[in-house]
Amino acid sequence: KGRNSHEPEFIQAVQEVAETVIPYISNNEIYNGKNILLRMVEPERLISFRVSWVDDDGEIHVNRGYRIQMNSAIGPYKGGLRFHPTVNASVLKFLAFEQVFKNSLTTLPMGGGKGGSDFDPKGKSNDEVMRFCHAFMTELCRHIGPNTDVPAGDIGVGAREIGFLFGMYKKIRNEFTGVLTGKGLSWGGSKIRPEATGYGTVYFAQSMLQSKKDDVKGKTVVISGSGNVAQYAAEKVIQLGGKVVTLSDSSGYIYDKEGIDAEKLAFVMDIKNNKRGRISDYINKYKSAEFHEGKTPWGVPCEMALPCATQNELDGEDAKLLLKNGCICVAEGANMPSTPEAIHAFHEAKILFAPGKASNAGGVATSGLEMSQNSLRISWTREEVDERLQKIMKDIHDSCIEYGMDEDGYCNYVKGANIAGFVKVADAMLAQGVI
Ligand code: NDP
13 KGRNSHEPEF IQAVQEVAET VIPYISNNEI YNGKNILLRM VEPERLISFR
63 VSWVDDDGEI HVNRGYRIQM NSAIGPYKGG LRFHPTVNAS VLKFLAFEQV
113 FKNSLTTLPM GGGKGGSDFD PKGKSNDEVM RFCHAFMTEL CRHIGPNTDV
163 PAGDIGVGAR EIGFLFGMYK KIRNEFTGVL TGKGLSWGGS KIRPEATGYG
213 TVYFAQSMLQ SKKDDVKGKT VVISGSGNVA QYAAEKVIQL GGKVVTLSDS
263 SGYIYDKEGI DAEKLAFVMD IKNNKRGRIS DYINKYKSAE FHEGKTPWGV
313 PCEMALPCAT QNELDGEDAK LLLKNGCICV AEGANMPSTP EAIHAFHEAK
363 ILFAPGKASN AGGVATSGLE MSQNSLRISW TREEVDERLQ KIMKDIHDSC
413 IEYGMDEDGY CNYVKGANIA GFVKVADAML AQGVI
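Heads up, full-length UniProt numbering is the position in the sequence shown plus 12, with the first residue counted as 1.
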């Protein structure tokens with residue numbers, strides 16, 4: 013822990029991987045004594061920079077920008093940009109570390125990275141967000157490129173921000189390349205990319221349930237968050253015949269006992285994406301719903317839970333409550349939303365539990381497909397991309413089963429994802445020597 017002792021989120025992410033991968037390394041001679049994990053936890057490069065910008069009243073602000081280039085053993089760095097006041101080096105290092113394993117699991121040639129800023133887009137005008145994104149890219153542009161590092165969106169960075177970032181990159185470099193993913197459809201984006209993380213999470217949950225001869229159909233589902241991942245996770249659950257009863261944001265959650273159907277979800281998408289409003293606006297229109305201020309939704313009875321907001325949003329007590337109420341399947345749409353205590357409780361109860369690096373990998377996988385389409389200068393149909401996404405999620409599920417099956421027949425998806433992700437990166441690092 014030495015030089016990282018002031019980085020709790022990073023230590024948490026590394027600890028979870030170390031607990032499952034170290035025993036595997038000890039039992040496999042080729043990895044033994046090579047200090048591979050020690051090399052993996054040190055970013056290849058950590059860039060931090062000043063971002064100065066001017067607000068609508070003419071006042072100058074300064075934020076801190078970052079890009080963490082974690083591991084490029086199997087491909088160019090790839091991972092999102094997060095704009096949120098909680099962003100710091102620890103949070104981005106945990107995300108970049110997870111990204112290395114996740115990208116490896118997708119089977120596509122992508123290394124791991126992550127970046128962002130402590131800038132808060134909430135309450136800012138469109139012009140302010142544009143000026144911030146432009147200022148951010150004037151520095152970031154010298155560290156990224158279509159064959160070097162290809163950022164995407166994350167919390168606080170959606171289609172609007174990717175547009176502003178791409179515009180400034182193109183202006184400075186005078187080239188139109190696939191340097192960012194999550195682009196608009198008319199300028200290099202891939203169909204299904206906005207949907208991919210949420211859809212992929214539900215495809216993964218479906219694979220887990222099917223391995224137990226069960227199905228999403230008919231399940232009551234609790235979802236946290238109401239951003240990109242949560243919205244499309246909800247859409248896919250509804251399409252597969254499940255009943256979504258909650259959504260949330262940082263101010264609280266809404267519970268609609270009658271279920272959030274396609275029409276109600278369209279209303280949520282309009283509030284969040286176009287009006288940039290709050291989830292509590294839902295109860296003004298739908299009287300069947302309640303708003304619980306300042307609370308997370310884990311006390312609502314359900315069979316399936318999809319945490320899709322942020323890290324450490326579901327703790328040990330929440331997990332016990334979910335289990336008590338009959339939850340049998342948890343798939344993480346967010347990155348590291350469950351605390352170690354929560355994961356322990358799910359494992360002890362032997363329910364289906366998918367860690368984000370496996371279940372939310374559909375987003376980056378489809379970003380990988382966007383990169384391929386950009387390189388080929390072609391555009392696949394919705395059906396083609398969705399088919400590829402479904403196959404990738406199924407393959408990730410099968411890799412988890414291969415490496416994660418316990419002797420008693422219980423699949424520990426955390427162990428499976430960590431080891432399967434590790435093997436490919438470790439093999440590449442061994443082949444490339446000590447660099
Ligand atoms: P968005 O910004 O679109 O939405 C984030 C949602 O989570 C909002 O509802 C937000 O509420 C809520 N939220 C954010 N921070 C907090 C917090 N500290 N406490 C409570 N609620 C919070 O982001 P995404 O949907 O893209 O990302 C959600 C999660 O999914 C993140 O963990 C991200 O890393 C992960 N992820 C995203 C991928 C993608 O493709 N976008 C890919 C893989 C993982 P509010 O509006 O009030 O802030």
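We treat Cβ as the ideally placed atom computed from N, Cα and C, and that holds for glycine.
Here the structure is a predicted model, which means the values were calculated and not measured.
Worksheet entry | Heavy atom of the ligand NDP within 7 Å of Gln323 beta-carbon | Answer for Gln323: yes, Cβ within range of the ligand NDP.
Discussion item. What residue range does the beta strand (DSSP E) around Cys341 cover?
Written reply: Cys341 to Ala343
Worksheet entry | Phe144 in three-state terms, based on DSSP | helix
Worksheet item: According to the Cβ coordinates, are Ser102 and Pro20 closer than 8 Å?
Response: If you check the CB distance, Ser102 and Pro20 come in under 8 Å.
Practice prompt. List the DSSP bridge partners of Pro309.
Written response: In the DSSP output, where bridge partners are listed per residue, Pro309 has none listed.
Discussion item. Beta-carbon within less than 7 Å of Gly200's beta-carbon, same chain only, minus the 5 sequence neighbours each way: which residues are those?
Written reply: Gly190 and Asn386
Worksheet entry | CA-to-CA distance, Arg15 to Leu248, given in whole angstroms | Here the sequence assigns Lys to residue 248, which means Leu is not the residue at that position. In a straight line, the C-alpha of Lys248 is about 43 Å away from that of Arg15.
Fill in: C-beta atoms of Met405 and Phe106 nearer than 8 Å
no
Worksheet item: Opposite Trp65 in the DSSP bridges: which residues?
Response: His73
Practice prompt. Please classify Leu120: is it buried, with 16 or more other beta-carbons within 10 angstroms of its beta-carbon, or exposed?
Written response: buried
Worksheet item: Which full runs of the alpha helix (DSSP H) of 4+ residues lie inside the stretch 191-271, going along the chain?
Response: List check, alpha helix (DSSP H) in window: 205-222 and 240-251.
Worksheet entry | Between the CA atoms of Tyr298 and Pro158 - distance to the nearest angstrom | 45 Å
Worksheet entry | Own chain partners of Ala438 with C-beta closer than 7 Å, once the 5 adjacent residues on each side are dropped | These residues qualify, in order along the chain: Tyr43 and Ile48.
Discussion item. So, under 8 Å CB-CB, Glu302 and Ile295 are touching, yes? Tell me the CB distance rounded to an integer number of Å.
Written reply: 7 Å
Practice prompt. Count the other C-beta atoms from every protein chain shown that fall within 10 angstroms of the C-beta of Pro222, then say buried if there are 16 or more, exposed otherwise.
Written response: In the sequence as displayed, the identity of residue 222 is Gln instead of Pro. Exposed, because fewer than 16 other Cβ atoms sit within 10 Å of the Cβ of Gln222.
Fill in: Nearest to Asn138 (by Cα), restricted to the options Asp67, Ile250 and Asp330
Asp67
Practice prompt. Note the first and the last residue of the continuous beta strand (DSSP E) segment covering Arg94.
Written response: Tyr89 to Phe95
Worksheet item: Taking the C-alpha atoms as reference points, what is the distance between Thr308 and Ser260?
Response: 7 Å
Worksheet item: According to the Cβ coordinates, are Gly125 and Ala85 closer than 8 Å?
Response: no
Worksheet item: For Gly125 and chain C, any beta-carbon pair shorter than 8 Å?
Response: The displayed structure is made up of one protein chain only, and chain C is not part of it.
Worksheet item: From the DSSP output, which residues share a beta bridge with Cys423?
Response: Met417
Worksheet item: Using the beta-carbon count (16 or more within 10 Å), is Lys203 buried or exposed?
Response: buried
Worksheet item: Counting only runs that start and end within the stretch 38-64, where is the alpha helix (DSSP H) found for 4 or more residues in a row?
Response: 48-52
Discussion item. With H, G and I counted as helix, E and B as strand and the rest as coil, what does DSSP make of Val169?
Written reply: strand
Worksheet entry | Heavy atom of the ligand NDP within 7 Å of Ile167 beta-carbon | yes
Discussion item. Alpha carbons only, please: which of Asp398, Leu318 and Ile447 is nearest the one belonging to Thr232?
Written reply: Leu318
Item to complete: May I ask you to list the residues that DSSP assigns as paired with Asp161?
Response: Tyr89 and Gly157
Item to complete: Measure the C-alpha to C-alpha separation of Asn40 and His409 and round it to an integer number of angstroms.
Response: 23 Å
Worksheet item: Using the C-alpha atoms, what's the distance from Phe365 back to Ile355?
Response: 8 Å
Discussion item. Report the CB separation of Asp130 from Val99 in whole angstroms; it is logged as a contact under 8 Å.
Written reply: 5 Å
Worksheet item: From which residue to which residue does the alpha helix (DSSP H) around Gly368 run?
Response: Start and end: Gly368 to Ser371.
Item to complete: Say yes only if the C-beta of Asp261 is nearer than 7 Å to one or more non-hydrogen atoms of the ligand NDP, and no if none qualify.
Response: Result yes, Cβ under 7 Å from the ligand NDP.
Discussion item. Assuming contact is defined by CB atoms lying nearer than 8 Å, are Gly374 and Thr213 in contact in what I supplied?
Written reply: yes
Worksheet entry | Where residue 453 falls, given that 16 or more other Cβ within 10 Å makes a residue buried | Past the boundaries of the shown model lies residue 453; the chain is included only from 13 to 447, so the question cannot be answered.
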